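These protein sequence lines are chains A and L, in that order. Take any residue in the first sequence, count from 1 to its spot, add 66: that is its number in the working numbering. Take any residue in the second sequence, count from 1 to its spot, add 741: that is its number in the working numbering. Every residue gets a Cβ at the ideal spot worked out from N, C-alpha and C, and that includes glycine. Small disclaimer: the values here were computed from a predicted structure and weren't measured. Data first, discussion second: the structure below is written as structure tokens.
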Amino acid sequence: MCSFQGQPDPSSLPDETLAAQAAREGADGIAFMTLMDRHRERVWRVCWRLMGTEHDAEDAAQEVFVRLFFERAKFAGRSRYTTWLHGVAIRTCLTLRRSRTRRRRRESVEQDDSGGVVETCADAQPSGAAAVDAAHDVQKLLEHLDEEDRALVIMRFAENHDYDALAEMFGSTPGALRMRVSRIREKLAARGGRLLGD
Amino acid sequence: MDVLDQLATVAVPPMPARRTFTAGVQRKLHPRLLAVHVVEFAFGATGWALVHMASALLAAVRFTVVGEWPSEKRGGRGDAS
């Protein structure tokens, strides 16, 4: 399949080829736009799972593509493009969640001073998860974890990535991540007994 | 079933329309792109201006000391007379 000027149709090219092409293009380059179209759903899913609300997920997913654009020359092709993209998405969401938590803490201190009540991160119920009570309990439980541990659990169990891919995304080794997940399990079991048992 | 495996059962809501989403990305991207270009231009222009200013200053110092402007042509001065 060929487009005009004898160029191959971008939608038929693999991610890695498009990424190399995007590194040479400007902001409205066809390669980057094709990559964006191809991975929008994937990025949205990860952002929604990590951010917890649709509004925050949309903001995060847009931010991910902005970062992908500025960092497009950094993709060296050592891993699959989707793995690299997930790494960027995770880092972006973690940054946004941390700044959101800081902002909420600040607001809650201000509201406490004025006697108001503020919704905390753990109370914020993801709108899409309302139908699945057990899964919602687990999600609520995850709010008690460190941000990066929470992201690791979500990418492993909700998104079903293997440890090799996770190692690329989190800049660690598969063995270290297995250990970390088993420690997280222990932590959740200790806390979950209290939370899920209620 | 593992309690963590239940996470995979959570339904993800549909994403916003393509047009709205792309417009949002562009709204975020364009101001930053403009800022990057302005900074790059400022640094480039500053370097260029410094180089040209320095060569003019050096030429002025040389004129003060030696009494002649640097010329690329050897024996260029006074050839016309």
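Candidates the options, of which the one nearest residue i by Cα
i: R768 (chain L); options: A:L232, A:E176, A:A142 and A:Q128; result: A:Q128
i: T761 (chain L); options: A:D103, A:I96 and A:P74; result: A:D103
i: E213 (chain A); options: A:F141, A:R168 and A:R146; result: A:R168
i: D215 (chain A); options: A:G237, A:R246 and A:R144; result: A:R246
i: E124 (chain A); options: A:V132, A:R133 and A:C113; result: A:C113
i: L748 (chain L); options: A:R111, A:T100 and A:I156; result: A:R111
i: L79 (chain A); options: A:A97, A:G92, A:A89 and A:R90; result: A:A97
i: A752 (chain L); options: A:T83, A:G118 and A:A86; result: A:G118
i: G237 (chain A); options: A:R133, A:L101, A:E82 and A:R157; result: A:R157
i: V109 (chain A); options: A:E91, A:V154, A:R172 and A:K253; result: A:V154
i: R256 (chain A); options: A:L84, A:L211, A:L232 and A:H202; result: Per the sequence shown, the amino acid found at residue 256 (chain A) is Ala instead of Arg. Nearest option by C-alpha distance: A:L211.
Buried versus exposed call for residue i [16 or more other C-beta atoms within 10 Å across all chains shown]
i: R164 (chain A); result: exposed
i: A758 (chain L); result: exposed
i: E252 (chain A); result: exposed
i: R249 (chain A); result: exposed
i: F136 (chain A); result: exposed
Chain L contact for residue i (CB, 8 Å cutoff)
i: V154 (chain A); result: no
i: G258 (chain A); result: yes
i: A224 (chain A); result: yes
i: R175 (chain A); result: One point to set straight first is that residue 175 (chain A) is Val, not Arg, in the sequence displayed. By this cut-off, V175 (chain A) is not an interface position.
i: E124 (chain A); result: yes
i: R106 (chain A); result: yes
i: R111 (chain A); result: yes
i: E252 (chain A); result: no
Cβ of residue i within 8 Å of any chain A Cβ
i: V779 (chain L); result: no
i: G785 (chain L); result: no
i: P772 (chain L); result: no
i: A758 (chain L); result: no
i: T805 (chain L); result: no
i: F762 (chain L); result: yes
8 Å Cβ cutoff met for residue i and residue j
i: A89 (chain A); j: A139 (chain A); result: yes
i: M756 (chain L); j: R106 (chain A); result: yes
i: R146 (chain A); j: A224 (chain A); result: no
i: L134 (chain A); j: L160 (chain A); result: no
- Going along the region 197-215 of chain A in order, which residues come within less than 9 Å of chain L, judged by CB to CB distance? For the region 197-215 of chain A, which is checked against every Cβ of chain L, the residues closer than 9 Å are A197, V198, A200, A201, H202, D203, V204, Q205, L207 and L208.
- Query: Taking any Cβ of chain L, which residues in the region 129-142 of chain A have a Cβ under 7 Å from it, in chain order?
  - Reply: Taking 7 Å as the Cβ-Cβ cut-off against chain L, the residues of the region 129-142 of chain A that qualify are E129, F131, V132 and F135.
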